[in-house]
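Protein chains in written order, with the UniProt record's numbering: chain A, 1 to 98; chain B, 1 to 98.
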């Protein structure tokens, strides 16, 4: 069963800043390079009921593809070099059809 | 621009209970009856990084359709008669393409 992996987040950068754009575009480039990542999307979170402002979303065909992504050096490197220093707050959710 | 309206939630009911199924199916029936609701989906939230366990997701063509949904008596009635007594915790997010 396919799994939609999502993370909603807020950056340390000013909204509209070059640093914000750089983070989002680097995330798109790096994460879509990882085998098994499909339907990658960058969305803005616009509900005033949350103070998180971005979402990355991707779909894995199965748990094995998801596990391989988590362990992939490009993912681990992105988390260490970009995510941890540049993300102020986040929440992950994974969805499967009910 | 289309808007994906989502809510991730946990019920007061036992997982696997008839009351849980009844809530989810009533939500599907009532909410999909409201004009402007498209691509309605019920998903299970399976990441252990959140204690919320369900998601309702729907797409509105524009803000006017979203506003009409919020004000629609079927939506207001569902919130009052089912959501408030049966939902233990929830978080809304709305997404637009970046």
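A virtual CB, placed ideally from N, CA and C, is assigned to each residue, including glycine.
Bridge partners of residue 5/B according to DSSP: 58/B, 94/B. Assignment of residue 38/B by DSSP, reduced to helix, strand and coil, places it in the strand class. Under the three-pair Cβ rule at 8 Å, the stretch 27 to 42 of chain B does not count as touching the stretch 73 to 89 of chain A. For residue 67/A, the uninterrupted alpha helix (DSSP H) segment begins and ends at 63 to 71. Residues of the stretch 8 to 27 of chain B with a C-beta atom less than 9 Å from some C-beta of chain A are 8, 24, listed in chain order. Exposure of residue 79/B is indicated by the presence of fewer than 16 other C-beta atoms within 10 angstroms of its C-beta. Within the stretch 73 to 98 of chain B, contact with chain A at the beta-carbon level (separation under 8 Å) is assigned to 91, 92, 93, 94, 95, 96, 97, 98. Under the DSSP definition of a beta bridge, residue 11/A partners with 87/A. Residue 2/A is outside the set of residues whose beta carbon lies under 8 Å from a beta carbon in chain B. DSSP places residue 31/B inside the alpha helix (DSSP H), whose first and last residues are 18 to 32.
A straight line joining the alpha-carbon of residue 48/A with that of residue 12/A spans about 18 Å. Of the other Cβ atoms in all chains shown, fewer than 16 fall within 10 Å of the Cβ of residue 1/A; this residue is therefore exposed. In the DSSP assignment, residue 44/A forms a beta bridge with 54/A, 96/B. In this structure, residue 59/B keeps its C-beta atom at 8 Å or more from the C-beta atom of residue 44/A. With the criterion set as a beta carbon lying under 8 Å from some beta carbon of chain A, the members of the stretch 31 to 50 of chain B are 41, 42, 43, 44, 45, 46, 47, 49, 50, in sequence order.
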